[in-house]
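Residues in the sequence shown are numbered consecutively from 66, following the numbering used here.
Where a beta carbon is used, it is the ideal one built from N, C-alpha and C, also for glycine.
For reference, the structure is listed below as structure tokens.
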Amino acid sequence: MKLVRGAYMEKERKRAEEKGYPSPIQPDKASSDRDFDAGVSLCIENLDKVSLLVASHNEHSNMLAVDKLKELNIPLNHSHVNFSQLYGMSDNITFNLAEAGCNVSKYLPFGPIEDVIPYLMRRAQENTSVKGQTGRELGLIQKELERRKHS
Ligand SMILES: Cc1cc2nc3c(=O)[nH]c(=O)nc-3n(C[C@H](O)[C@H](O)[C@H](O)COP(=O)(O)OP(=O)(O)OC[C@H]3O[C@@H](n4cnc5c(N)ncnc54)[C@H](O)[C@@H]3O)c2cc1C
66 MKLVRGAYME KERKRAEEKG YPSPIQPDKA SSDRDFDAGV SLCIENLDKV SLLVASHNEH
126 SNMLAVDKLK ELNIPLNHSH VNFSQLYGMS DNITFNLAEA GCNVSKYLPF GPIEDVIPYL
186 MRRAQENTSV KGQTGRELGL IQKELERRKH S
């Protein structure tokens, strides 16, 4: 099971309004966060029944998944638990998950430029946590470059 907070938030809200049905989108970010994290916990508590892909750039949600595995004494590399982030986004999270021994991959969209660029633009717009973390990620890259220069 791949868990995502969900793309196309604005498009879905507009479509629901136009077609006159209740919006399927959460009322606010806090509700999205609460239910995503609850979903991650529920899956981890039932790994005998499900395999899980935590597809998120949200640091808190990734930490929560790792903490939950530790709390339940489940190996971080359990074959039913995988993590993934988009190629070029949140590499610090991917790196740390890999370093901790988790199964983690980069999701690499490819195809004609007219399809891939709009796709990536939409991902960059919707990924609120990426926006907040980009400055931090750049800072970490600079710090690592300095470390390598002096080692
Ligand atoms: C490997 C991978 C596979 C993916 N596959 C899919 C897929 O199949 N289908 C799909 O739809 N998406 C997919 N995505 C995109 C995914 O939905 C976005 O990356 C995700 O929505 C961004 O959330 P986040 O968990 O990274 O965290 P954050 O950046 O913390 O959360 C942003 C998300 O929170 C929600 N949100 C933000 N503001 C509000 C608000 N005001 N009210 C309600 N909710 C709000 C939205 O869902 C928004 O996208 C995939 C992502 C990855 C990494």
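Provide the residue(s) that pair with residue i in DSSP beta bridges, ordered along the chain.
i	result
Ser149	Ala120, Ser170
Leu68	Val119
Just to confirm before moving on: does the CB-CB distance between residue i and residue j stay below 8 Å?
i	j	result
Leu134	Ile109	yes
Ala165	Leu141	yes
Arg6	Leu151	A query on residue 6 cannot be resolved here, the shown segment of the chain reaching from 66 to 216 and no further.
Lys146	Asn168	In the sequence as displayed, the identity of residue 146 is Val instead of Lys. Yes. Within cutoff.
Val105	Leu68	yes
Quick one, which of the options has its alpha-carbon nearest residue i's?
i	options	result
Val97	Asn123, Leu173, Arg80	The sequence shown places Ser at residue 97, not Val. Of the listed residues, the one whose Cα sits closest to Ser97 is Asn123.
Asn127	Lys79, Glu75, Glu82, Arg70	Arg70
Ile206	Cys167, Tyr184, Phe160	Phe160
Asp102	Leu173, Leu118, Ser170, Ile182	Leu118
Ser170	Arg213, Gly153, Ile90	Gly153
Arg201	Glu191, Ser216, Asp156	Asp156
Residue i lies in the alpha helix (DSSP H); which residues open and close that run?
i	result
Lys79	74-84
Pro183	178-191
Asn161	156-164
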